[in-house]
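Trainee: Okay, here's the structure, questions in a sec.
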Amino acid sequence: MKMYFYYGAMGSSKTANALMTRFSWEDKGKKVALLKPSIDNRDGVDIVKSRAGLMAKAILIYPDSNICDVLPDPVEEYDNLIVDEAQFLSKAQVDELREIADHGTFVMCYGLKADFLGNLFEGSKRILELADSLREIVTMCPCGKKAIMNARYSGNRILYEGEQVVVGGNESYMALCHRCYKKGIIPSEALENFTLETD
Ligand SMILES: [Zn+2]
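Take a look at the structure:
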């Protein structure tokens, strides 16, 4: 079967899309597993939650996990594996998902393409290399252009250095076009609107 990558910047409703896809497959009587790499602890241990308020329990994939080992049932029984926050998968885990897709299970990965500096995540890089189909989920910069950067900011200052992933961190991110990303400052009206925005 096919391996898909649905990618987009922060706030592009990836998680809501993942949860709706899961619902529609299960509604048709298909067996679906919702998975999530464990590095992201934003919403508690194993909860996948979209900003619109949809949430579900996910099976956690630890950094050294084999995908087949974390599934409660044999992998052949699943029609579809949906992975949220797929950018945090390891290269080996993406390779395993590719094998699983080759053996007859749909694999749908949802995640960010690049980090706050614009560098590909390890998992995203490998998915881009191996996926049958790439689908962009578009989100807008406050200026109205398409957002491609995930700016990390503190106060209203955009940060241009730091670790790719801050475990347990409380960083703020905003999806921006490249031109706004380079300005170094997030406009105050964008910050005000952002706190009201739901995804
Ligand atoms: Zn912009």
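Its first residue numbered 804, the sequence shown is counted upward by one per residue in my numbering. The beta carbon of each residue, even a glycine, is placed where N, CA and C say it ideally should be.
For a quick check, are the C-beta atoms of Ile885 and Thr824 less than 8 Å apart?
Mentor: yes
Trainee: Among residues of its own chain, excluding the 5 on either side of Lys986, which ones have a beta-carbon nearer than 8 Å to its beta-carbon?
Mentor: Ile961
Trainee: With a Cβ-Cβ cutoff of 8 Å, do Ala836 and Ile951 count as a contact?
Mentor: no
Trainee: Given a threshold of 16 other Cβ atoms within 10 Å of its Cβ, counted over all protein chains shown, does Leu900 qualify as buried or as exposed?
Mentor: buried
Trainee: Quick one: grab the DSSP three-state call for Leu937.
Mentor: strand
Trainee: On the CB-based measure, 16 or more other CB atoms within 10 Å of its CB, does Asn883 come out buried or exposed?
Mentor: buried
Trainee: Should Pro945 go down as buried or exposed, given a rule of 16 or more other Cβ atoms within 10 Å for buried?
Mentor: buried
Trainee: What are the boundary residues of the alpha helix (DSSP H) that includes Leu822?
Mentor: Lys817 to Asp830
Trainee: What did DSSP end up calling Glu1000 once you bin it into helix, strand or coil?
Mentor: Note that Glu1000 has pLDDT 46, beneath the 50 cutoff, so the model's placement of it is unreliable and the number below is only indicative. It is coil, neither helix nor strand.
Trainee: Within the present structure, is the beta-carbon of Lys985 separated from the nearest heavy atom of ligand 1 by less than 7 Å?
Mentor: No.
Trainee: Tell me the DSSP secondary structure of Gly926 in three-state form.
Mentor: In this structure, DSSP gives Gly926 a helical state, which the three-state scheme calls helix.
Trainee: Residues in its own chain within less than 7 Å of Ser893 by CB, not counting five upstream and five downstream?
Mentor: Pro866, Glu925 and Gly926
Trainee: Quick one: what's got a C-beta closer than 7 Å to Thr1001's C-beta in the same chain, skipping five residues either side?
Mentor: Its pLDDT being 41, under 50, Thr1001 is placed unreliably by the model, and nothing is read from it.
Trainee: Under 7 Å from any heavy atom of ligand 3, does the C-beta of Lys916 make it?
Mentor: As far as ligands go, the structure on display features ligand 1 and does not contain ligand 3.
Trainee: Please return the same chain residues whose Cβ sits closer than 7 Å to the Cβ of Lys860, not counting the five positions on each side in sequence.
Mentor: Excluding positions up to five away in sequence, the list reads Asp849 and Ile850.
Trainee: How is the beta strand (DSSP E) around Ala978 delimited, first residue to last?
Mentor: Ser975 to Leu979
Trainee: Curious, which full-length beta strand (DSSP E) runs of at least 3 residues does the region 836 to 923 contain?
Mentor: 850 to 852, 858 to 860, 862 to 864, 883 to 886 and 909 to 914
Trainee: Is the beta carbon of Leu759 within less than 7 Å of some heavy atom of ligand 1?
Mentor: No statement about residue 759 is possible, as the shown extent of the chain runs from 804 to 1002 and does not include it.
Trainee: Answer yes or no: the CB of Leu979 versus the heavy atoms of ligand 1, is any distance below 7 Å?
Mentor: Distance from the C-beta of Leu979 to the nearest heavy atom of ligand 1 is below 7 Å.
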